[in-house]
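Asks: Protein sequence lines, in the order shown, are assigned to chains A, B and C. So that you can map any letter, position 249 of the first sequence is 253 in our numbering, and since no number is skipped, the others follow by simple counting. So that you can map any letter, position 249 of the second sequence is 253 in our numbering, and since no number is skipped, the others follow by simple counting. So that you can map any letter, position 110 of the third sequence is 114 in our numbering, and since no number is skipped, the others follow by simple counting. Pasting a structure here, questions to come.
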Amino acid sequence: MSKILVLQSDFGIVDGAVSAMIGVALSVDDSLKIFDLSHSISPFNIHEASYRLLQSLQYWPEGSVFVSVVDPGVGSKRNSVVVRTRENHIVVTPNNGTLSHLRKFIGIEEVYEIDVAKHRRKGASNQSYTFDGRDLYAYIGARLTSGQLSLVDVGPKLNEDQIVSFELPLSRFENNMVKGSVEIYDERFGSLWTSILVEDFNQLNPEYGDHFKVKILHEEVTYLEEDVLYGRAFNDVHVHDLILYVNSLNRIALALNQDSLVKKYGIGLGLDWKISITPIR
Amino acid sequence: MSKILVLQSDFGIVDGAVSAMIGVALSVDDSLKIFDLSHSISPFNIHEASYRLLQSLQYWPEGSVFVSVVDPGVGSKRNSVVVRTRENHIVVTPNNGTLSHLRKFIGIEEVYEIDVAKHRRKGASNQSYTFDGRDLYAYIGARLTSGQLSLVDVGPKLNEDQIVSFELPLSRFENNMVKGSVEIYDERFGSLWTSILVEDFNQLNPEYGDHFKVKILHEEVTYLEEDVLYGRAFNDVHVHDLILYVNSLNRIALALNQDSLVKKYGIGLGLDWKISITPIR
Amino acid sequence: MSKILVLQSDFGIVDGAVSAMIGVALSVDDSLKIFDLSHSISPFNIHEASYRLLQSLQYWPEGSVFVSVVDPGVGSKRNSVVVRTRENHIVVTPNNGTLSHLRKFIGIEEVYEIDVAKHRRKGASNQSYTFDGRDLYAYIGARLTSGQLSLVDVGPKLNEDQIVSFELPLSRFENNMVKGSVEIYDERFGSLWTSILVEDFNQLNPEYGDHFKVKILHEEVTYLEEDVLYGRAFNDVHVHDLILYVNSLNRIALALNQDSLVKKYGIGLGLDWKISITPIR
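Spelled out as structure tokens, the structure:
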């Protein structure tokens, strides 16, 4: 057993919150190997948490345990789950939509509802209910990682459709065009990642160097409508020029070479930021 | 021995400074398990460093060694200490107030002054005096963690009252009211954490759903005066509404559900940001 | 073998990119000890990447493997290398200038060009070319760290002068004066680090407490011209006052005690931000 525990949250890394979670986990088993996915998920942004799990989970060894705590409902009646994915990663999380992408694109094999009364950290205050990341999720995640707790002892088994999921943007090929939504930013570089899957895009029989009409609409307003080159990577166009490419998650993306497309065009995210791509030949 | 070394500083994580500290520690013993508490303490903010130690230390395994370097006096005559807390955590730090909260709320069992001439890293430049984090604290912290150095060999034993401490804000129950100061932000979420301890607050016999008059004063100006509901967690009130709750350190806190109270009311931190809480019945 | 792998990039720590790299590395060998140098290198800033390697590499145990991915040319024809430094650290990086400082100030013993076709991660998409950090560098870095791959099997051996290098700023003593450039910021504290080496400065026979005329010029405009005290560390002058000192890399630096010199004087970085220092006696 590789004893790998990976933490994700919207807590940031400024204060001592993440450190308290790590301390709790090491107090369960000081031989755990603990890593961060990201603690910079935008506060309360469950969609982002869900996407980041999709972005990185698949690259980790089988059996790795992920604890994701983006939890606007902390202290309320929302339930919490532990799931095993089709690729044998374990995820511990509030059942609030955080598993939407994994459920759709990877698949969930088993779901257990956490019996909170049984699995809350011993010694946790009975008057403080705002830090389940420390008092519940890191604790049970560490016990699962160390082998002290088995999946089946987490709590009642649920059906896969009891996982709370968001509606995710589509990827569609039709009429010599692909359509989808602008799903997330590559924030550091200002690129746009769409929901369009490479297999749909490939139905347009694209070749590097081809040009496409790319259009981005939001509430019937056109934010971008450009002739864009399809390339392998940013350097296939001049600095500041637009490029259409396949991103590192095999989805279609749009960028300016060494510049921020997000800032230049003021494009937002979500189901209603629609993008269409049509070959120009 | 679990060989856990935890680093805290105000160095940020942008440049190579923290990495140099980790490298020095691993050069002492490459089997050390090294973690970060936070490197985003506001520059020179010793109060924050002190608070973050209180916030996380208690959750780590006994014997864990903490190195905290918020050190505006680097290169000056200020001395440096290694202490053992009542809960058997070791802290290495400049003796500049960083231990104020631990001393008051956890307790310090032993204090040793670092014999700098003896424990400075071999090979450290004798003309560079601005990075004791690397050349002294990480080095001696690693030697203590690895067992190469014993506490008693750190240097002269000091009395507990030779630990430099700041005046900390009070928590007081009197006349059917609790009083304290606004001590620190939960910055990521914009909440206020006060110095009022839950045991003092409990003398008001609060029940979830009760209302309290909360007043925040600074230099005789009232910054906030509101009727606030006492709840378990944020979701007990509507989004953007005020809530009074017990935070994850068993102190009374004030927040807006999914919104930033700090920004909305412009409230500062410190002894002279006074808060009072009175039941409304 | 200590199996230490250290990652540097300009990817930031907000999304799942760094986590994907760590996952790939642990999938190669889950006993690797993985650390971060920094992932906050300014986007595309190869000079900064090069400097940060100089700043921290030398403090790590011999045999540690560093993967540095600041790679504006990702997906283009630029080649990639693995080098061994004179101090026996291994660096994996695009051959784009990232090794400039190490080559000049530490020395490179061996250089191998990565045979990309052979060493690209199995399972990497053959239509996604924008994340060599995950699909090439972290993967080969992990294989080198684990001992699964030897240096000589990386690819063709190159000569040391085939390492792409930038022109680096000078450090020069002449006519009772030292000259150089403002090379980098200590961003967290707003100090300026120059290219002037302490051994050149020492030819002025400085003593703590001496005063120097410090002048910073950019395109014939004077940005700073002040009488500055030479001290050991910041506390040798009053808060907000200027101090000249030897920084933690044995170069001459300039700061305001507990204040940001960078903001106050609006000074930039690079070869053409020239600084001269002359004794006042």
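Cβ coordinates follow ideal geometry from the N, Cα and C atoms, glycine included.
For D190(C), which residues in chain B fall below 8 Å Cβ to Cβ?
Replies: D19
Asks: Using the C-alpha atoms, what's the distance from I188(C) back to H244(A)?
Replies: 26 Å
Asks: Along the alpha helix (DSSP H) that carries T149(C), what are the first and last residues, could you check?
Replies: A142 to S150
Asks: Enumerated in chain order, which unbroken segments of the beta strand (DSSP E) with a length of 3 residues or greater are wholly contained in the region 113-179 of chain A?
Replies: Taking only runs of at least 3 residues, the beta strand (DSSP E) segments lying wholly in the region 113-179 of chain A are 175-178.
Asks: Just reading off the alpha helix (DSSP H) that K267(C) is part of, what are its end residues?
Replies: L265 to Y269
Asks: Which stretch, first to last residue, makes up the beta strand (DSSP E) that contains S72(B)?
Replies: Segment V69 to V73, the beta strand (DSSP E) holding S72(B).
Asks: Quick one: what's got a C-beta closer than 8 Å to E171(B)'s C-beta in the same chain, skipping five residues either side?
Replies: L275
Asks: Kindly give me the distance between the Cβ atoms of V86(B) and Y116(B), rounded to whole angstroms, as I take these residues to be in contact under 8 Å.
Replies: 5 Å
Asks: DSSP three-state call for D204(B): helix, strand or coil?
Replies: Note: D204(B) maps to helix in three-state DSSP.
Asks: Assuming G79(C) is part of the alpha helix (DSSP H), what are its boundary residues?
Replies: G79(C) -> no alpha helix (DSSP H), and no H or E assigned at all.
Asks: Counting only Cβ pairs nearer than 9 Å, list the residues of chain A close to F39(B).
Replies: In chain order: S23, I26, G27, L30 and I38.
Asks: Flag Q207(B) as yes if its beta-carbon sits less than 8 Å from any beta-carbon of chain A, otherwise no.
Replies: no
Asks: Taking the alpha carbon of S72(A) as the reference point, which residue from V232(A), H51(A), P65(A) and I279(A) has its own alpha carbon closest?
Replies: H51(A)
Asks: Are the beta-carbon atoms of R147(B) and V32(B) separated by less than 8 Å?
Replies: yes
Asks: If you measure from the beta carbon of T102(C) to each beta carbon in chain A, is any gap under 8 Å?
Replies: no
Asks: Can you pull the chain A neighbours of Y234(B), defined as C-beta to C-beta under 8 Å?
Replies: What Y234(B) touches in chain A, judged by beta-carbon distance under 8 Å, is nothing: the nearest beta carbon there is about 11 Å away.
Asks: Please check the pair R236(A) and Y249(A), which I expect to be a contact at CB under 8 Å, by giving their CB distance rounded to whole angstroms.
Replies: Right, the Cβ-Cβ distance comes to about 7 Å (below 8 Å), so this counts as a contact.
Asks: Given that a residue counts as buried once 16 or more other Cβ atoms are within 10 Å of its Cβ, and exposed if not, what is A142(B)?
Replies: A142(B) is buried by the Cβ-count criterion.
Asks: How long is the line joining the alpha carbons of E211(B) and R285(B), rounded to whole angstroms?
Replies: 11 Å
Asks: Tell me whether the beta-carbon of I247(B) lies closer than 8 Å to the beta-carbon of V266(B).
Replies: no
Asks: Grab the span of the alpha helix (DSSP H) containing A257(A) for me, first residue to last.
Replies: Here A257(A) belongs to no alpha helix (DSSP H); instead the beta strand (DSSP E) covers R255 to L260.
Asks: Chain A partners of F216(B), CB-CB under 8 Å?
Replies: Within 8 Å Cβ-Cβ: nothing; F216(B) doesn't reach chain A, min ~15 Å.
Asks: How many Å lie between T89(C) and S60(C) at the Cα?
Replies: Roughly 13 Å between the two C-alpha positions.
Asks: May I ask which residues mark the beginning and end of the beta strand (DSSP E) holding L273(C)?
Replies: Note, L273(C): premise wrong, no beta strand (DSSP E); not H, not E.
Asks: Starting from Y189(C), trace the beta strand (DSSP E) both ways and give me its first and last residue.
Replies: M181 to D190
Asks: Excluding the 5 residues flanking F216(A) on each side, which residues of the same chain have their C-beta closer than 7 Å to its C-beta?
Replies: V232, Y234, L248, I281, T282, P283 and I284
Asks: How about I8(B): is its C-beta nearer than 8 Å to some C-beta of chain A?
Replies: Taking CB atoms only, I8(B) has a neighbour in chain A less than 8 Å away.
Asks: Cutting at 6 Å between CB atoms, please list the residues of its own chain near F39(A), excluding the five before and the five after it.
Replies: V10
Asks: At the level of alpha carbons, what is the spacing between S145(A) and G137(C)?
Replies: For clarity, residue 145(A) is Gly in the given sequence; the question names Ser instead. Their backbone Cα atoms lie some 29 Å apart in a straight line.
Asks: In chain order, what residues of the same chain lie with their CB nearer than 8 Å to the CB of Y133(B), ignoring the 5 residues before and after it?
Replies: Excluding positions up to five away in sequence, the list reads V78 and G79.
Asks: If contact is defined by three or more beta carbon pairs under 8 Å, each pair taking one atom from either stretch, is the region 122-132 of chain B in contact with the region 10-19 of chain B?
Replies: no
Asks: Who are W277(B)'s beta bridge partners in DSSP?
Replies: H222(B)
Asks: Applying the 10 Å Cβ sphere with the 16-neighbour rule, what's the burial state of A121(B)?
Replies: With fewer than 16 other Cβ atoms within 10 Å, it is exposed.
Asks: Using a beta-carbon distance below 8 Å, is G79(A) in contact with chain E?
Replies: No chain E appears in the structure shown, which is made up of the protein chains A, B and C.
Asks: Quick check: what's the CA-CA separation for Y63(A) versus G27(C)?
Replies: Straight-line Cα distance between these residues: approximately 5 Å.
Asks: Look at the alpha carbon of Q166(B) and the alpha carbon of G184(C), and state the distance between them as a whole number of angstroms.
Replies: In this structure, the CA atom of Q166(B) is about 45 Å from the CA atom of G184(C).
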